[in-house]
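Heads up: the structure comes next, in structure tokens.
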Amino acid sequence: MDSLPGYLQATHGRTYIDKYPRTIIDIDELRNGVLLEFGPGAGNDLLWLCQHGMAPDRLFSLEADRAAYAIQSFVLREQLRGFALFHLPFDLSDSRFPPEGGFDFVYANNVLHCLGNAAGIYAATTRAFGHLKTGGVFFGRTLSDKIDSERLAATITRQEEITRKILAEPIPEVSHFETCEMSFQVGSDTINSQTAIHRLDTADGKKILSEYRGRVKRKKQERICGTREAFVLSTVNALKDGRLMGVKPEKLEQIARSVGFSETHVEVRKHPWKPTEDFYFRFEKSD
Ligand SMILES: C[S@@+](CC[C@H](N)C(=O)[O-])C[C@H]1O[C@@H](n2cnc3c(N)ncnc32)[C@H](O)[C@@H]1O
Numbered sequence: 000m001d002s003l004p005g006y007l008q009a010t011h012g013r014t015y016i017d018k019y020p021r022t023i024i025d026i027d028e029l030r031n032g033v034l035l036e037f038g039p040g041a042g043n044d045l046l047w048l049c050q051h052g053m054a055p056d057r058l059f060s061l062e063a064d065r066a067a068y069a070i071q072s073f074v075l076r077e078q079l080r081g082f083a084l085f086h087l088p089f090d091l092s093d094s095r096f097p098p099e100g101g102f103d104f105v106y107a108n109n110v111l112h113c114l115g116n117a118a119g120i121y122a123a124t125t126r127a128f129g130h131l132k133t134g135g136v137f138f139g140r141t142l143s144d145k146i147d148s149e150r151l152a153a154t155i156t157r158q159e160e161i162t163r164k165i166l167a168e169p170i171p172e173v174s175h176f177e178t179c180e181m182s183f184q185v186g187s188d189t190i191n192s193q194t195a196i197h198r199l200d201t202a203d204g205k206k207i208l209s210e211y212r213g214r215v216k217r218k219k220q221e222r223i224c225g226t227r228e229a230f231v232l233s234t235v236n237a238l239k240d241g242r243l244m245g246v247k248p249e250k251l252e253q254i255a256r257s258v259g260f261s262e263t264h265v266e267v268r269k270h271p272w273k274p275t276e277d278f279y280f281r282f283e284k285s286d
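So that you can map any letter, position 89 of the sequence shown is 88 in numbering that gives the first Met the number 0, and since no number is skipped, the others follow by simple counting.
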């Protein structure tokens, strides 16, 4: 499944790999291995790894979302040069990229919960196992199915307050036109804001003003939708209606063992206010 609407904006430039607990992965441990990332999105973590000493020929990835992949290939091309070709626009379920290889690490950050259902998680875990060499590690982070109802109520209240505040902000005076960069379509002409202000008393003026107010309202709406609270609430809704698949940490460990991983370790992360719960996992493949 593609990322939730707003995900790429909400995580613009954000890296995760550098914040992993050392009990899950140590960056020095990674540097000497070859890593395959599942669902890197815009490739922020891949870029971070290259910029922190990981050789580009040690990094591979599979990403199904073409929009995310377009950003990723654009960003990585500069850094990885020819090795950008190791990053493929493939769905994990695509049999043209079989689960083979001698990878030391398979990494999946915020990906398993995007795979639709338990069968998708099982298939991705099986694929990870198949790509790893003996001694390899599948690690990442995903959402559990837990939603804390008290925290959810508090987040909804906070989001409502933010919405009220933003909507109550007055629409900036028309004199603001003189300093802002806007253009308006008047008939077949495109006019800039400085010109527009001189037309306000004319018949075009009403149209310009209503378009201006509409744009300010849309900007307010964008700000409301862009808050952390709004993104968290959309994640909660997606978990509730099944667009995202939360999994209990112990259930994921069970899946990992059933596909052949011998050592499993999970760590729940307590967030200061989010009603959802993330956890880290590390699964080792041994003889
Ligand atoms: C929530 S985003 C996480 C992106 C990135 N790992 C991060 O943490 O910022 C989930 C990513 O997994 C990708 N994804 C979901 N299902 C996939 C599949 N079946 N095959 C490959 N990628 C998939 C999505 O397109 C998206 O880029």
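Yeah, the Cβ is synthetic: ideal placement off N, Cα and C, and Gly gets one too.
Quick caveat: nothing in here was measured; it's all calculated off a predicted structure.
Would you grab the beta carbon distance between residue i and residue j for me? Rounded to a whole angstrom, and I think it's under 8 Å.
i           : j           : result
residue 78  : residue 49  : 5 Å
residue 267 : residue 154 : Contact doesn't hold; Cβ gap of about 19 Å is too wide.
residue 115 : residue 244 : 6 Å
residue 252 : residue 265 : 6 Å
residue 108 : residue 44  : 6 Å
residue 41  : residue 74  : 7 Å
How would you write the range of the beta strand (DSSP E) that residue i sits in, first residue to last?
i           : result
residue 68  : No beta strand (DSSP E) holds residue 68; the alpha helix (DSSP H) holding it covers 65-79.
residue 36  : 34-37
residue 57  : Premise fails: residue 57 is in no beta strand (DSSP E) and is neither H nor E.
residue 99  : Segment: none, residue 99 is in no beta strand (DSSP E) and carries neither H nor E.
residue 281 : 275-283
residue 263 : 262-268
Between which two residues does the alpha helix (DSSP H) containing residue i stretch?
i           : result
residue 237 : 227-240
residue 258 : 248-258
residue 13  : First-last for residue 13: undefined, no H or E at that position.
residue 30  : 26-30
residue 47  : 43-50
Could you work out which residue in the options is closest to residue i when comparing CA atoms only?
i           : options               : result
residue 163 : 223, 135 and 134      : 223
residue 39  : 67, 95 and 248        : 67
residue 185 : 165, 169, 211 and 173 : 211
residue 90  : 82, 123, 228 and 109  : 123
residue 59  : 264, 19, 270 and 96   : 96
residue 259 : 43, 130 and 80        : 130
residue 83  : 92, 104, 54 and 107   : 54
residue 256 : 121, 47 and 107       : 121
residue 56  : 280, 85, 127 and 28   : 85
residue 29  : 179, 135, 221 and 278 : 135
Item to check | Inter-stretch contact at 8 Å, needing at least 3 Cβ pairs: the stretch 97-111 / the stretch 29-47 | outcome: The answer is yes - the stretch 29-47 touches the stretch 97-111, with three or more Cβ pairs under 8 Å.
Item to check | Ordered list of beta strand (DSSP E) runs contained in the stretch 119-204, each at least 3 residues | outcome: 131-146, 182-185 and 188-191
Next on the checklist: With three or more beta-carbon pairs closer than 8 Å as the criterion, would you say the stretch 265-283 touches the stretch 143-161?
Outcome noted: Per the Cβ contact rule, the stretch 265-283 is in contact with the stretch 143-161 (3 or more Cβ pairs under 8 Å).
Next on the checklist: Could you check whether the stretch 199-218 touches the stretch 148-162, counting it as contact only if at least three pairs of C-beta atoms, one from each stretch, sit closer than 8 Å?
Outcome noted: no
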